Every structure is written in structure tokens, then in C-alpha cells.
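Sequential numbering from 2 applies to the sequence shown in my numbering.
Note that beta-carbon positions come from the ideal geometry of N, C-alpha and C, so glycine has one too.
Values in this document were obtained by computation on a predicted structure and should not be read as measured data.
This report refers to the structure that appears directly beneath it.
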Amino acid sequence: MAFLVIFNEDGAPVDDDLRGLWPACAGRVERASAGAPQLAMFLSNPAEAGDAGRARHEQAGKDDAHDASLHGLELIGRIRLDRRDDIRAALGAPASASDAALCLRAYGRWGDDCVDHLRGDFCFVLWDAPRRRLFCARDQLGVRPLFHAQANGRWVIGDSLDVVARASRLTNELDDAWIADFLLEPFCQDFERTVYSHVKRLPQAHLLIASRDGGAIRRYWSLEIETPLFLQRPQEYLDRFHETLARAVRDRLPPGTVGVTMSGGLDSTTLAAKAVEVAGDAARVVAFTSHYERLIQDDEARFSALVAARLGLSQKFAAMDHICELHAEAPHLPTAEPGGPTAKAPARQAIETDMARQTTVWLFGEGPDNALTFEWLSYLRWLAGQGDWRRFAGAVGRYIRDKPPRDWMRVLEAPGRLARRIDGAPPNDPPPWIDADFARRAGLAERRTQRLATASHPWRPAAMRSFASPVWQRLFEHIDPVIAGSALDYRHPYLDLDVLTFMLATPPIPWARRKRLIRDAMRGRLPDEILARDKTPLAVDPLAVAARAATPRPLSANAALSRYVDAARLQIDDAAPPAVQSLEKVRLLDAWLRDRPR
Numbered sequence: 002m003a004f005l006v007i008f009n010e011d012g013a014p015v016d017d018d019l020r021g022l023w024p025a026c027a028g029r030v031e032r033a034s035a036g037a038p039q040l041a042m043f044l045s046n047p048a049e050a051g052d053a054g055r056a057r058h059e060q061a062g063k064d065d066a067h068d069a070s071l072h073g074l075e076l077i078g079r080i081r082l083d084r085r086d087d088i089r090a091a092l093g094a095p096a097s098a099s100d101a102a103l104c105l106r107a108y109g110r111w112g113d114d115c116v117d118h119l120r121g122d123f124c125f126v127l128w129d130a131p132r133r134r135l136f137c138a139r140d141q142l143g144v145r146p147l148f149h150a151q152a153n154g155r156w157v158i159g160d161s162l163d164v165v166a167r168a169s170r171l172t173n174e175l176d177d178a179w180i181a182d183f184l185l186e187p188f189c190q191d192f193e194r195t196v197y198s199h200v201k202r203l204p205q206a207h208l209l210i211a212s213r214d215g216g217a218i219r220r221y222w223s224l225e226i227e228t229p230l231f232l233q234r235p236q237e238y239l240d241r242f243h244e245t246l247a248r249a250v251r252d253r254l255p256p257g258t259v260g261v262t263m264s265g266g267l268d269s270t271t272l273a274a275k276a277v278e279v280a281g282d283a284a285r286v287v288a289f290t291s292h293y294e295r296l297i298q299d300d301e302a303r304f305s306a307l308v309a310a311r312l313g314l315s316q317k318f319a320a321m322d323h324i325c326e327l328h329a330e331a332p333h334l335p336t337a338e339p340g341g342p343t344a345k346a347p348a349r350q351a352i353e354t355d356m357a358r359q360t361t362v363w364l365f366g367e368g369p370d371n372a373l374t375f376e377w378l379s380y381l382r383w384l385a386g387q388g389d390w391r392r393f394a395g396a397v398g399r400y401i402r403d404k405p406p407r408d409w410m411r412v413l414e415a416p417g418r419l420a421r422r423i424d425g426a427p428p429n430d431p432p433p434w435i436d437a438d439f440a441r442r443a444g445l446a447e448r449r450t451q452r453l454a455t456a457s458h459p460w461r462p463a464a465m466r467s468f469a470s471p472v473w474q475r476l477f478e479h480i481d482p483v484i485a486g487s488a489l490d491y492r493h494p495y496l497d498l499d500v501l502t503f504m505l506a507t508p509p510i511p512w513a514r515r516k517r518l519i520r521d522a523m524r525g526r527l528p529d530e531i532l533a534r535d536k537t538p539l540a541v542d543p544l545a546v547a548a549r550a551a552t553p554r555p556l557s558a559n560a561a562l563s564r565y566v567d568a569a570r571l572q573i574d575d576a577a578p579p580a581v582q583s584l585e586k587v588r589l590l591d592a593w594l595r596d597r598p599r
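Written out as C-alpha cells, the structure reads:
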């Protein structure tokens with residue numbers, strides 16, 4: 002666990018006795034704050050946690066005595082800043098200043114606008130004693146989580162849902178909408194919901210301010226791309242890509258060894274090459290590749306080995322077949338929410354133990370598939386709407402010239418594919434095993450027809466919509482060291498704000514077709530086999546394959562499940578992937594309801 006803040010609006014002292022509220026794995030819990038009696042800040046840093054799982058507490062020191070803007074400020078949080086040299090220079094801070102100290106100074110200088118000057122992965126809570134209020138912030142993309150609960154003038158805020166829920170004592174009422182999404186959707190469709198009705202997530206790029214006057218939440222940043230970035234020469238795009246990605250990798254490199262979770266695809270191998278370039282020594286970079294030998298057809302080991310040999314990397318492999326089978330047979334382990342991540346699961350523990358022996362900091366390659374979506378038609382429509390006929394004609398010519406024959410065949414087959422997609426569209430009616438009262442309670446039929454909140458954009462609609470999706474929140478929490486209890490610190494160079502906005506701003510024709518921006522930039526730096534390889538998604542879900550072969554776990558006799566599921570109508574023997582996945586979710590909910598905190 003990392004940090005917890007309790008604040009009483011009415012000024013009543015906070016009870017220090019939080020025994021029983023922290024999981025046994027939390028390690029030693031310390032009260033960090035020395036400020037007002039109505040405020041308590043707690044740190045919990047288990048011995049096995051890596052640096053990523055460690056929260057920091059900061060307050061003005063002796064060197065800051067002359068700076069009146071810092072008097073009465075203290076901060077607790079998990080913070081990794083980008084562009085540290087820039088913000089340190091702007092603040093006149095010493096080179097030894099920690100990231101937490103820089104955030105404290107930034108607030109002292111700019112107040113609530115400090116977040117406009119901060120970039121990186123962060124969640125923190127700052128106590129402003131002169132104004133008698135809490136200032137809480139979460140980074141722009143939500144890499145680090147922050148949860149909050151408020152009842153009867155008492156605020157509980159922290160980066161562990163489990164601890165915040167226990168400390169707030171607001172675990173009795175569950176959120177029907179969250180559970181409905183868990184059972185029927187890939188993830189919850191609302192950023193702020195948790196499984197508990199009265200415990201909330203602070204959405205990404207939002208602030209929470211709590212004081213004696215109550216609380217207020219507001220967004221401080223939005224991802225915005227107005228017009229395409231038109232440069233004079235193609236080489237300028239490639240140079241800009243190398244420059245921004247190198248700086249993003251440099252900001253995320255630890256002092257020693259860094260790892261790259263490397264498949265045989267373009268994005269992660271590009272990260273590996275850039276990490277070697279920035280580190281200046283291939284011995285400082287290690288690669289970890291997961292692959293399959295039996296459950297599904299998989300060529301990742303072969304392709305990734307070509308890159309490791311080219312770059313001179315040390316590479317470890319993990320065959321995931323047995324890991325998936327372990328997952329399918331493993332008993333349920335406690336998680337903060339149904340289906341939530343836990344590094345204690347045998348399947349995950351086997352992998353992460355091996356990875357942690359090499360290094361605790363790993364670069365993760367998500368981002369380009371979304372940012373470089375090939376939205377050629379929206380782009381052409383936008384150019385026409387702008388009356389930019391010169392660029393329109395050039396883009397049409399480039400589109401026709403670059404389109405390979407196999408893609409023209411897909412155009413001819415498109416009507417048939419569309420008909421099959423419509424015929425096979427899932428119904429909006431809830432499945433028969435959903436309890437009828439629960440369906441009415443949750444407004445389930447109406448909820449299933451709702452779409453994710455979309456970001457309307459004239460020439461990048463799909464890409465911008467993808468970054469407005471809660472799927473990123475789910476990904477970040479799955480690998481977060483506090484929520485998952487992992488010792489690994491995953492960092493995301495492609496989601497650096499400069500890298501991300503640059504990729505989004507590049508004209509889709511020609512740069513987004515097959516991620517041409519990256520392919521052209523990496524010519525001569527990666528093997529030709531990688532540059533020629535198309536995106537290769539998994540044909541089937543290996544976990545579903547393993548689950549079909551596993552011995553089914555029976556449902557418990559827990560009456561709580563009947564509020565949501567009519568177990569008698571479950572198709573236990575249905576081997577189709579959707580049925581297997583639905584049944585697994587029901588089992589996860591059943592186990593969580595049985596073991597959850599009260």
C-alpha cells in the first residue's frame with residue numbers, strides 16, 4: 002500500500018487507530034503528517050515494494066524558511082515527473098529536490114494552476130494549512146490512481162481502493178451500475194465509479210479540493226488536437242518522432258538497468274531500440290518476451306529474438322501456456338474489486354518474480370495503435386471542408402498509390418463483412434441469467450444501449466475517442482504497483498504528452514497507414530522482418546482456451562450472488578468463448594461477494 006489521508010471538515014481530531022483497516026501485506030504503517038489535528042496522513046511501504054510502490058511525504062524544510070509561500074504546506078503522494086530540469090529551473094529549486102518537493106514548490110508558486118506546469122505519472126494530496134483545505138490531483142492520463150470517499154464531514158483519500166473503502170467504512174452499499182458493466186462489458190463505462198456506491202475514483206486530469214465548505218471536483222486538462230501538423234519535408238516528421246520519443250525515454254530511465262516488455266511487433270521493439278540509444282549501452286537494457294507454444298499459434302518469440310540479436314540485448318522468454326492454465330485452475334485471491342488485479346496470483350507471480358530479478362522499471366509499449374489509427378476518410382472530408390484542395394488532391398493520390406492490392410480486395414468484400422457484422426450484432430437485451438430485478442434496478446437495458454462518452458473530432462474521431470475511453474484506466478490499474486501489489490514499475494514513453502500529441506497531430510495520410518511514421522523512422526535501426534510485419538493480434542483469447550479445458554469451479558451457495566445472477570439459467574456447459582468469459586466473470590463476482598470486506 003502507499004498512502005492514505007483523513008480529513009475532518011469540522012476540525013475534530015483524527016483517530017490514529019486504523020488497525021484492521023490495512024491489509025496484512027501493507028507492512029509498517031506510519032503517520033507522516035505533523036500538521037493540524039483534523040488531518041492525518043499515513044504511509045505504508047511494504048518491504049517487498051519497489052520504488053514505484055513507495056509514497057513520499059514532503060513539507061517545507063529549513064532551506065525553505067525564507068519562502069513564505071511554502072509555510073504550512075505538506076504533501077503526500079506517488080510522483081514521477083517528466084521534464085524535471087525545466088520545472089526545477091522555473092522554480093529555482095536545487096538539483097537534489099525530489100519530485101514531491103517540486104510539486105510542493107509548484108503549488109507554492111502557482112497555486113491551483115500548478116498542475117498546468119506538471120507532467121508525468123502522479124497522484125498526490127496536499128494540505129494547505131493557511132487555507133485549511135486539501136488539494137488533490139491526478140495526472141493527465143490517469144497513470145496513477147486516486148480514490149476518495151466522504152460522509153458526515155469526513156474525507157478519506159488515497160491510492161488504494163481497498164484501504165480507502167475500509168477506512169471510510171462505506172463498504173455496505175454496492176454500485177449496481179459498476180457490477181452490471183463488470184458482468185456484461187469489458188470494463189466499467191464510467192470513470193468515477195467503483196464497486197462501492199460511496200467510494201469514487203478521481204478521474205484522470207481532475208482536481209479534488211476539500212475544505213470545511215465541502216468538496217469540489219474539476220477537470221484541469223483535456224487532450225486537444227486542432228489541426229494537422231504540416232511540415233515541409235517528410236524527414237522532419239521522422240526527426241521529430243526520434244526527438245520526442247528519445248526525450249520521453251530519457252525521462253523514464255532509472256539510474257541502472259531498464260527493462261522493455263518486448264513482443265515481436267513494431268512498437269515495443271522501437272522502444273527497445275530507443276532505450277539502447279538513450280542509455281548508450283545495450284548492457285543497461287533487458288527485454289522480456291511472453292509467448293505461447295501450445296494454446297495458440299504465436300511467432301512473437303522468433304521475431305523478438307531477431308531484434309534482441311540486432312540490438313545486443315539480454316532477453317528472457319516466458320511460455321504463457323502453463324501460466325494461463327494456472328490462472329484457469331487457481332483459487333480466488335482477494336482483490337479490491339471483482340476481477341481486479343493481484344500480483345499474488347500464481348500466474349502473475351511466476352512472471353513478475355523473474356522480471357524483478359532483472360530490474361523493477363519496465364517500459365511498456367501501448368499507445369501507437371490508438372494514436373496512429375488510419376482515419377483516411379475523416380481526414381479527406383476535413384480537407385475538403387477546409388477547401389484545402391491542394392492537400393486534398395495530394396492525399397487522395399498518396400492514398401491510391403500506397404494502397405496495396407490486398408487492401409483493394411478488402412474494399413470489394415466490405416459489403417459482405419458489414420452484413421455479417423450487423424447480423425451478428427449482440428442484442429441489447431440482458432442475457433437470461435441476469436436477475437430480472439437487478440436488470441431493472443440498474444437500468445440495464447438502457448445502459449447497454451449507451452455509448453462511451455465520445456470525443457467529437459473532425460479528422461481524428463476514432464483516435465480521440467479511444468483516448469477518452471475508460472479502457473486506459475483499467476490498463477493502468479492492472480499494472481499499478483499499489484492496486485496490484487506488484488514490485489514492478491511500468492512506464493509509458495508513447496503516452497508522454499509530447500509524443501502522444503505529436504502522433505495524433507501527424508496527417509493520417511500517409512503517416513498512419515500501417516503506422517508508417519514509426520516504420521519509416523526505424524528503417525536501418527530494426528530488422529527488415531519487423532518493419533515488413535503487419536500488426537498481428539491474437540486470433541483467440543488464450544485464457545478462454547485454457548478455461549475451456551480447465552475443471553469448472555462451482556459457484557458457492559452465497560445468497561448475495563442471487564441479487565445479480567439467476568444461477569439456474571447459466572449455461573455451464575457452453576464452450577463458446579463469450580459463454581466461457583461470462584461464466585468466469587460470474588465466478589469472480591461470486592468469490593468476491595463471499596470474501597469482501599464488510
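Same chain, Cβ closer than 8 Å to residue 371, five either side skipped, listed in chain order: Against the sequence shown, residue 371 aligns to sequence position 370. The answer, listed in chain order, is 464, 467 and 468.
What is the C-beta distance between residue 479 and residue 488, in whole angstroms, given that I count them as a contact (C-beta under 8 Å)? Counted from its first residue, the sequence shown places residue 479 at position 478. Counted from its first residue, the sequence shown places residue 488 at position 487. Not quite, the Cβ-Cβ distance comes to about 15 Å (not below 8 Å), so this is no contact.
Express the C-alpha separation of residue 270 and residue 292 in angstroms, rounding to a whole number. Indexing the sequence shown from 1 puts residue 292 at position 291. Indexing the sequence shown from 1 puts residue 270 at position 269. About 15 Å.
Separation of residue 563 from residue 90, as counted between CA atoms: Working through the sequence shown from its first residue, we reach residue 90 at position 89. Working through the sequence shown from its first residue, we reach residue 563 at position 562. Between residue 90 and residue 563, the C-alpha separation is close to 59 Å.
Residue 198 - DSSP class collapsed to helix/strand/coil: In the sequence shown, residue 198 corresponds to position 197, counting from 1. Reduced to three states, the DSSP call for residue 198 is coil.
Local Cβ density within 10 Å of residue 114, reported as buried at 16 or more and exposed below that: Here residue 114 refers to the residue found at position 113 when the sequence shown is read from its first residue. Counting Cβ neighbours within 10 Å, residue 114 comes out exposed, since fewer than 16 surround it.
Under the three-state reduction of DSSP, which class applies to residue 68: helix, strand or coil? The count along the sequence shown starts at 1 and reaches residue 68 at position 67. In the structure shown, residue 68 sits in coil (DSSP, three-state: anything other than H, G, I, E or B).
Which of helix, strand or coil does DSSP assign to residue 298? For the purposes of this step, residue 298 is taken as residue 297 along the sequence shown, with counting starting at 1. Here residue 298 sits in coil by DSSP.
Are residue 5 and residue 259 closer than 8 Å when you measure CB to CB? As a working note, residue 5 is residue 4 in the sequence shown. As a working note, residue 259 is residue 258 in the sequence shown. No, Cβ-Cβ distance for residue 5 and residue 259 is not below 8 Å.
Does DSSP classify residue 495 as helix, strand or coil? Taking the sequence shown and counting its residues from 1, the one referred to as residue 495 is at position 494. Residue 495 falls in the helix class under three-state DSSP.
Can you grab the Cα-Cα spacing for the pair residue 419 / residue 77, in whole Å? The residue given as residue 419 occupies position 418 in the sequence shown. The residue given as residue 77 occupies position 76 in the sequence shown. Here residue 419 scores only 41 on pLDDT, less than 50, and its place in the model should not be relied on; the value that follows carries that caveat. In a straight line, the C-alpha of residue 419 is about 52 Å away from that of residue 77.
Measuring CA to CA, which of 57, 273, 179 and 447 is closest to residue 196? As a working mapping, residue 196 is identified with position 195 in the sequence shown. It is 179 whose Cα lies nearest to the Cα of residue 196.
In angstroms with no decimal places, state the Cα-to-Cα distance between residue 588 and residue 247. Taking the first residue of the sequence shown as position 1, residue 588 is located at position 587. Taking the first residue of the sequence shown as position 1, residue 247 is located at position 246. Each residue's alpha carbon lies about 45 Å from the other.
Nearest residue (CA-CA) to residue 221, options 558, 430 and 210: Translated into positions along the sequence shown, residue 221 becomes position 220. Checked all of 558, 430 and 210; the closest Cα to residue 221 is 210.
Assigned secondary structure, residue 524 (DSSP; H/G/I helix, E/B strand, else coil): Numbered from 1 along the sequence shown, position 523 holds the residue referred to as residue 524. Here residue 524 sits in strand by DSSP.
Give me the residue from 302, 301, 437 and 250 with the minimum Cα distance to residue 286. Against the sequence shown, residue 286 aligns to sequence position 285. Here the closest residue by C-alpha is 250.
Can you give me the C-alpha to C-alpha distance between residue 154 and residue 161, rounded to a whole angstrom? Numbered from 1 along the sequence shown, position 153 holds the residue referred to as residue 154. Numbered from 1 along the sequence shown, position 160 holds the residue referred to as residue 161. Rounded to whole angstroms, residue 154 to residue 161 spans 21 Å at the Cα level.
Use the C-beta contact count for residue 125: other C-beta atoms within 10 angstroms, 16 or more gives buried, fewer gives exposed. Counting from one through the sequence shown, the residue named residue 125 turns up at place 124. Buried, since its Cβ has 16 or more Cβ neighbours within 10 Å.
Residue 363 and residue 491: beta carbons closer than 8 Å? Your numbering for residue 363 matches position 362 in the sequence shown. Your numbering for residue 491 matches position 490 in the sequence shown. A contact, by the Cβ cut-off of 8 Å.
Nonlocal neighbours in the same chain, by C-beta distance under 6 Å from residue 497, ignoring five residues either side: On the sequence shown, residue 497 is found 496 positions in, with the first residue counted as 1. Cβ neighbours of residue 497 beyond the five flanking positions: 249.
Cβ pair residue 74, residue 127 closer than 8 Å: Residue 74 sits at position 73 when you count from the first residue of the sequence shown. Residue 127 sits at position 126 when you count from the first residue of the sequence shown. Result yes, Cβ atoms of residue 74 and residue 127 sit closer than 8 Å.
So, with DSSP's three-state summary, where would you put residue 404? As a working note, residue 404 is residue 403 in the sequence shown. It is coil, neither helix nor strand.
On a CA-only basis, which of 342, 70, 309 and 322 is nearest residue 294? Give me that one, please. Position 293 of the sequence shown holds residue 294. Ranking the options by Cα distance to residue 294, first place goes to 322.
Distance, residue 357 Cα to residue 349 Cα: Here the question's residue 349 lines up with position 348 in the sequence shown. Here the question's residue 357 lines up with position 356 in the sequence shown. Between residue 349 and residue 357, the C-alpha separation is close to 12 Å.
Counting only runs that start and end within the region 141 to 177, where is the beta strand (DSSP E) found for 3 or more residues in a row? 148 to 152 and 155 to 159
Going by CA-CA distance only, name the one from 265, 312, 304 and 342 that's closest to residue 284. Counting from 1 along the sequence shown, the entry for residue 284 is found at position 283. The candidate whose alpha carbon is nearest that of residue 284 is 312.
Give the secondary structure of residue 371 by DSSP, where H, G and I count as helix, E and B as strand, and everything else as coil. Stepping through the sequence shown from its first residue, residue 371 is reached at position 370. If DSSP states are grouped into helix, strand and coil, residue 371 belongs with the helices.
Whole-angstrom Cβ separation of residue 433 and residue 440, contact assumed at under 8 Å? As a working mapping, residue 433 is identified with position 432 in the sequence shown. As a working mapping, residue 440 is identified with position 439 in the sequence shown. Rounded, the Cβ-Cβ distance is 10 Å, inconsistent with contact.
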